[in-house]
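Note that this note's numbering has the sequence shown beginning at 1, numbered continuously upward.
Ideal Cβ positions, reconstructed from N, Cα and C, are used throughout, including at glycine.
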Amino acid sequence: EKPSLDFFRPVLEAIGPYDREELLLIGDSLTSDMEGGSRAGIPCCWYDPHGAALPEDLRIDYRITDLRQLYDIV
Numbered sequence: 001e002k003p004s005l006d007f008f009r010p011v012l013e014a015i016g017p018y019d020r021e022e023l024l025l026i027g028d029s030l031t032s033d034m035e036g037g038s039r040a041g042i043p044c045c046w047y048d049p050h051g052a053a054l055p056e057d058l059r060i061d062y063r064i065t066d067l068r069q070l071y072d073i074v
């Protein structure tokens, strides 16, 4: 289960050859999506429609409050 690397390893292997900097994990959960993606070395985009406080101890590369903001990132 996320955020375990045991979840992300098979997913990344299934994708095949890739450059981690070309990936983007988009999720709404700090504890599973953002923490797991960060552990796996994947750039992370936190979907936070409620405008919660940013955690200080977790790397989040992008934060969006509206999914249309993804157009500005990708």
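| Asked | Found |
| --- | --- |
| Span of the beta strand (DSSP E), counted from its first residue to its last, around R63 | 62-64 |
| Residues of its chain near E22, where Cβ-Cβ distance is below 8 Å and the 5 sequence neighbours each way are ignored | none |
| Under 7 Å between C-beta atoms of G36 and F8 | yes |
| Neighbour-count burial assignment, D19, 16 or more Cβ in a 10 Å radius | exposed |
| Proximity below 7 Å, CB of C44 to CB of L30 | no |
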